[in-house]
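Enquirer: First to last, the protein sequences are chains A and B. FYI, in my numbering the residues of the first sequence are -4 to 201. FYI, in my numbering the residues of the second sequence are -4 to 201. The C-beta atom is built at its ideal place from N, Cα and C for all residues, glycine as well. Below is the structure I would like to discuss, written out as structure tokens.
2 protein chains.
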Amino acid sequence: MTVEPPARAPRADARRNRDRLLEAAAQVVAEQGAQASLRDVARRAEVGLGTLYRHFPNREALLEALLGRRFEQLAERAREFERQAEPEQALVDWLREFSAGAAAHQGLPETLMATLHDPASPLHASCTAMREAGAGLLAAAQRAGRIRPDVTGADLFALANAVGWMSGLAPALAERREHLFALVVDGLRTPGGRAAGEPPSGAGTD
Amino acid sequence: MTVEPPARAPRADARRNRDRLLEAAAQVVAEQGAQASLRDVARRAEVGLGTLYRHFPNREALLEALLGRRFEQLAERAREFERQAEPEQALVDWLREFSAGAAAHQGLPETLMATLHDPASPLHASCTAMREAGAGLLAAAQRAGRIRPDVTGADLFALANAVGWMSGLAPALAERREHLFALVVDGLRTPGGRAAGEPPSGAGTD
DNA sequence: ACCTGAACACCGTTCAAGT
DNA sequence: ACCTGAACACCGTTCAAGT
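Quick look at the structure:
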């Protein structure tokens, strides 16, 4: 084991450039998708292209930094829902949020799924934390007898991601996201359960 | 209707080059996905890069030519299933095949969904034909009381495509495609099985 | 008619030169 | 330590020159 040197605080300009780059990247990715030009990102951040590469050695590293934030937010949201709602509702609310996020950024779902299956990824830890938070909601809903016992956490991510990706492709599909989501969630419910009477009422706001 | 000039048969070498290009494109796209290098395609076809562009003015045109074949195959398969199996089974079998095809070629599902929503696309006709063939299977299964009446053809394509896309991302997911597919199809089934007396409430506003 | 490859304007990534 | 932009090897697309 190497003893790390004190890891002195980064220079103020370096820290500032990194923040500007992340900010610019979030904007550009939201506009153009995950395969946006990195030159555009550097330009928007008003920073040399080399500076971008100094902070993020490649596109994947930049996307990872963006995703890392999101994973932490989602893990936190899972804990909130777990406190505030009954098990089935908590799970559905969280999946809806997860799914909507996947729709917002074209190309990010691919990165997410790749990360989830690659233990070497620097994001593996935060991704796993989020996944476990979601799996906790699932387990609770299964204990309550509302969700099929053979559904796994991996299924959950796969389907929520798939619906999110789908609804990000065309505006007409975005409008149907709630409906698609409801169909998928119905597939997760315990067969014959009395949940069939009341469809999940999409709150209407986006 | 414009009267087309005799549309003389293309020169033999042109026809041959076009075939070689399509063949090479199918291989390269299967290996590298829809964003594969067009130079690679031309190289594999042993044809000048300019020749590729003479036959297909851009990447989209090339992908369209590949997709067109597939649409026709799928429409034909729908008619076969309709003859050979009972309504629910026919629908499920067809969806499975559709879904597996989406998984096989990374990036094609996006093109497909875009085509489906763009009447100006040269593929719109064959895409619509396939879509109607699938919608026919859906309608039959709904008449038999097996599939929720509020499910539309658009839902069907969206979900089957989403699952296919998903399972093409990682080998671990490919192994689970059947399972994911089963979960989604369960969401389409009439709640409570065939004995369902009433359609799900809240289906009126679609 | 059709084919070809050089040419153009981009891109991701690297790295020597600056401060 | 950090920043910068020129440089390299690609790419999609166009087009003058060939047969």
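(1) Under DSSP, the alpha helix (DSSP H) around Gly63 (chain B) begins and ends at which residues?
(2) Mind pulling the chain A residues with CB within less than 8 Å of Met125 (chain B)?
(3) Determine, using beta carbons only, whether Leu183 (chain B) comes closer than 8 Å to chain A.
(4) Identify, in the order they occur along the chain, each residue of the same chain with its Cβ nearer than 8 Å to the Cβ of Ala169 (chain A), setting aside the five sequence neighbours on each side.
(5) Could you check whether the Cβ of His112 (chain A) sits closer than 8 Å to any Cβ belonging to chain B?
(6) Nearest by alpha-carbon distance to Ala124 (chain B): which of B:Arg72, B:Leu16, B:Leu178 is it?
(7) Quick one: which residues of the region 116 to 150 of chain B get their C-beta closer than 9 Å to a C-beta of chain A? List them in chain order.
(8) Using CA coordinates, which residue listed in A:Ala165, A:Leu154, A:Gln30, A:Ala130 is at the minimum distance from Ala177 (chain B)?
(9) Whole angstroms are fine: how far does the CA of Pro144 (chain A) sit from the CA of Thr200 (chain B)?
(10) Does any CB atom of chain B fall closer than 8 Å to the CB of Leu154 (chain A)?
(11) In chain B, what lies closer than 8 Å to Trp160 (chain A) by C-beta?
(12) Once the 5 residues before and after Asp35 (chain A) are set aside, which same chain residues still bring their CB inside 6 Å of it?
(13) Who are Arg184 (chain B)'s beta bridge partners in DSSP?
(14) Do the region 39 to 53 of chain B and the region 101 to 118 of chain B touch if we need at least three Cβ pairs shorter than 8 Å?
(15) Can you find the residues in the same chain that come closer than 8 Å, C-beta to C-beta, to Glu59 (chain B), ignoring five residues on each side of it along the sequence?
(16) Starting from the Cα of Ala128 (chain B), find the closest Cα among B:Glu173, B:Ala70, B:Gly63 and give me that residue.
(17) Does any C-beta atom of chain B lie closer than 8 Å to the C-beta of Val179 (chain A)?
(18) Relative to chain A, which residues along the region 47 to 81 of chain B have a C-beta separation below 8 Å, given in chain order?
(19) Is Ala85 (chain B) closer than 8 Å to Glu92 (chain B) when the C-beta atoms are compared?
(20) Assuming the contact rule is C-beta atoms closer than 8 Å, Trp89 (chain B) and Leu62 (chain B) should be a hit. Round their C-beta distance to whole Å, please.
Expert: Based on what the coordinates show:
(1) Position 68 of the second sequence holds residue 63 (chain B). Element bounds for Gly63 (chain B): 54 to 79.
(2) Here residue 125 (chain B) refers to the residue found at position 130 of the second sequence. Near Met125 (chain B) there are no residues of chain A at all, since even the closest Cβ is about 17 Å away, more than 8 Å.
(3) One-based indexing of the second sequence puts residue 183 (chain B) at position 188. Closer than 8 Å to some Cβ of chain A, the Cβ of Leu183 (chain B) qualifies, so yes.
(4) Residue mapping note: residue 169 (chain A) aligns to position 174 of the first sequence, counting from 1. Answer for Ala169 (chain A): Ala98, Ser162, Gly163, listed in chain order.
(5) Taking the first residue of the first sequence as position 1, residue 112 (chain A) is located at position 117. So, interface residue.
(6) Taking the second sequence and counting its residues from 1, one reaches residue 124 (chain B) at position 129. Measuring C-alpha to C-alpha distances from Ala124 (chain B) to each of B:Arg72, B:Leu16, B:Leu178 identifies B:Arg72 as the nearest.
(7) Arg143, Asp145, Val146, Thr147, Ala149, Asp150
(8) One-based indexing of the second sequence puts residue 177 (chain B) at position 182. Looking at the Cα atoms, A:Leu154 is the closest of the given residues.
(9) Working through the second sequence from its first residue, we reach residue 200 (chain B) at position 205. Working through the first sequence from its first residue, we reach residue 144 (chain A) at position 149. With a pLDDT of 37 at Thr200 (chain B), under the threshold of 50, the modelled position of this residue cannot be trusted, and the question is left open.
(10) The count along the first sequence starts at 1 and reaches residue 154 (chain A) at position 159. Leu154 (chain A) counts as touching chain B.
(11) Here residue 160 (chain A) is taken as the residue at index 165 of the first sequence, counted from 1. Taking a Cβ-Cβ cut-off of 8 Å, the neighbours of Trp160 (chain A) in chain B comprise Ala157, Trp160, Met161, given in sequence order.
(12) Position 40 of the first sequence, counted from the first residue, corresponds to residue 35 (chain A). Excluding sequence positions up to five before and after Asp35 (chain A), its CB lies within less than 6 Å of the CB of Val23, all in the same chain and listed in chain order.
(13) Within the second sequence, numbered from 1, the residue matching residue 184 (chain B) stands at position 189. Bridge partners of Arg184 (chain B): B:Ile142.
(14) The count of Cβ pairs closer than 8 Å, one atom from the region 39 to 53 of chain B and one from the region 101 to 118 of chain B, stays below three, leaving the stretches out of contact.
(15) In the second sequence, residue 59 (chain B) corresponds to position 64, counting from 1. Beyond the five residues adjoining it in sequence on each side, Glu59 (chain B) comes within less than 8 Å, by CB distance, of Thr106, Thr110, Ser116, Pro117, Leu118 in the same chain, given in chain order.
(16) Looking up residue 128 (chain B) in the second sequence gives position 133. Ranking B:Glu173, B:Ala70, B:Gly63 by Cα distance to Ala128 (chain B) puts B:Ala70 first.
(17) Here the question's residue 179 (chain A) lines up with position 184 in the first sequence. True, the Cβ-Cβ gap to chain B drops below 8 Å.
(18) none
(19) For the purposes of this step, residue 92 (chain B) is taken as residue 97 along the second sequence, with counting starting at 1. For the purposes of this step, residue 85 (chain B) is taken as residue 90 along the second sequence, with counting starting at 1. Contact flag unset, no.
(20) To locate residue 89 (chain B), count along the second sequence from 1; it is residue 94. To locate residue 62 (chain B), count along the second sequence from 1; it is residue 67. No, Trp89 (chain B) and Leu62 (chain B) are not in contact; Cβ-Cβ is about 17 Å, not under 8 Å.
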